[in-house]
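Undergrad: Heads up: the sequence shown runs through residues 1 to 298, numbered per the UniProt record's numbering.
Every residue gets a Cβ at the ideal spot worked out from N, C-alpha and C, and that includes glycine.
Quantities reported herein were computed from a predicted structural model and do not represent experimental measurements.
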Amino acid sequence: MVIDKMKMLFIFLDGVGKGEKNEASPFFYYHPKAYDIFLKDGNVLFLDATLGIEGLPQSATGQVTIYSGINAAKEVGFHINGQIAPSLKRIIERQNIFTTLLRHGFKVDFANVYRNEYLQKLLNDKNFKMSVTSYMTLISGIRFKTVEDLLRGEGVYFDITNHVLIESGYEVPVFSPQRAAENLLNVLNKNDFVLFEHFKTDIIGHSCDMEKALELLKLLDEFILSLIEELPEDACLVVTSDHGNIEDLSTKTHTKNKVPFLAYGNKKEIFALESIEQIYSSILKYFEIGTQRDDKER
């Protein structure tokens, strides 16, 4: 049962670590203004993302770990990149943040908008390789958002601006970061926990393109600043990642750098974690699931 009115907006940025401030890092040339707000008025942590397994951390095992609280790399014995594998599906089926929160009576939504042709493949092709978040949304019964939701002001495409949609032939407006933030907050207003996933950070990290990296950092900064400015008083904004990448453009691979965990707003001070393994349990703590108070309510 929901105990108090509390919300969380969870922003996942794929492939963002804390690296050295040198000429190989876009953060050497651009310092996000939003980061200063987290430092001054929020809670700034840096988490281990290696999961205690040799090799470079990867997206699939990292994200499954974040959303399930189960160390996926240890479970399968190695890091897995890309889309969700059958062994990782079993972990998400066993436990994930969407189904756990839904089971406790919270309203949950995945804010990412899907192209119609992609969604049809995801829903109808048994061999389609999907992302961790797509599979988690599918098995939890949450409705996938479409371009129609975006146009109603209740969804955001992964690139924030809609340029990818426009290039794919969709008649949608270009979004400013402020307009995209407004859409995302509209989704939050109707829910208790909302996830938004952005993976262009990882794509650009692999490309080692400094110009595009700087352009993206500025976009993300404006987007997150807009979220901070309009965040409801009962909400906490969390920004985190699964592994390093874009912070070091001297290499096309992921890095072993720690990843940020940034919290701002309601109950920001409760977060005290050291690994991405603890993100799931920290979300439950925020929503007071598993506490004595929760037990009494049930």
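(1) In this structure, does DSSP put residue 378 in helix, strand or coil?
(2) Using DSSP bridges, identify the partner residues of residue 110.
(3) Could you say which of 178, 135, 117 lies nearest to residue 227 if we only look at CA atoms?
(4) Going straight from the alpha carbon of residue 124 to that of residue 198, what length do you get?
(5) Taking Cβ to Cβ, would you say residue 43 is nearer than 8 Å to residue 263?
(6) Once you ignore the five residues that flank residue 234 on each side, which residues in its own chain have a CB closer than 7 Å to its CB?
(7) Checking the sheet assignment: what are the DSSP bridge partners for residue 8?
(8) Under 6 Å Cβ to Cβ from residue 32, same chain only, skipping five residues before and after it: list those, please.
(9) Taking its Cβ as the centre, do 16 or more other Cβ atoms sit within 10 Å of residue 241, making it buried, or is it exposed?
(10) Between residue 194 and the rest of its own chain, which residues show a CB-CB distance below 6 Å, the 5 nearest in sequence each way excluded?
(11) Let me check you understand the geometry: is the CB of residue 67 closer than 7 Å to at least one non-hydrogen atom of the ligand ADP?
(12) Of all the alpha helix (DSSP H) runs that stay within the bounds of the region 225-287, which reach a length of 4 or more residues?
(13) Output needed for residue 128: all residues of its chain with C-beta closer than 6 Å, excluding positions within five of it in sequence on either side, in chain order.
(14) Between the alpha carbons of residue 297 and residue 283, how many angstroms are there, rounded?
(15) In this structure, how does DSSP classify residue 20 when only helix, strand and coil are distinguished?
(16) Distance check for residue 249 and residue 172, CA to CA, integer angstroms please.
(17) With burial defined as no fewer than 16 other Cβ atoms inside 10 Å of the residue's Cβ, what is the status of residue 207: buried or exposed?
(18) Can you tell me the Cα-Cα spacing of residue 274 and residue 170, whole angstroms?
(19) Measure the alpha-carbon distance for residue 55 versus residue 79 and round it to whole angstroms.
(20) May I have the straight-line CA-CA distance separating residue 224 from residue 144, to the nearest angstrom?
(21) What residues in its chain sit with their C-beta under 6 Å from that of residue 230, if we drop five residues either side in the sequence?
(22) Is residue 150 helix, strand or coil when you go by DSSP?
(23) Once the 5 residues before and after residue 73 are set aside, which same chain residues still bring their CB inside 6 Å of it?
TA: Taking the coordinates as given:
(1) Nothing in the structure corresponds to residue 378, since the chain is present only between 1 and 298.
(2) 195
(3) 178
(4) 24 Å
(5) yes
(6) 5, 6, 7, 266
(7) 193, 236
(8) 221
(9) buried
(10) 9, 109, 111, 187, 188
(11) As far as ligands go, the structure on display features none, and thus does not contain the ligand ADP.
(12) 279-286
(13) 121, 122
(14) Here residue 297 scores only 42 on pLDDT, less than 50, and its place in the model should not be relied on; the value that follows carries that caveat. Approximately 18 Å between the Cα atoms of the pair.
(15) coil
(16) 32 Å
(17) exposed
(18) 42 Å
(19) 7 Å
(20) 23 Å
(21) 185
(22) helix
(23) 51, 53, 61, 79
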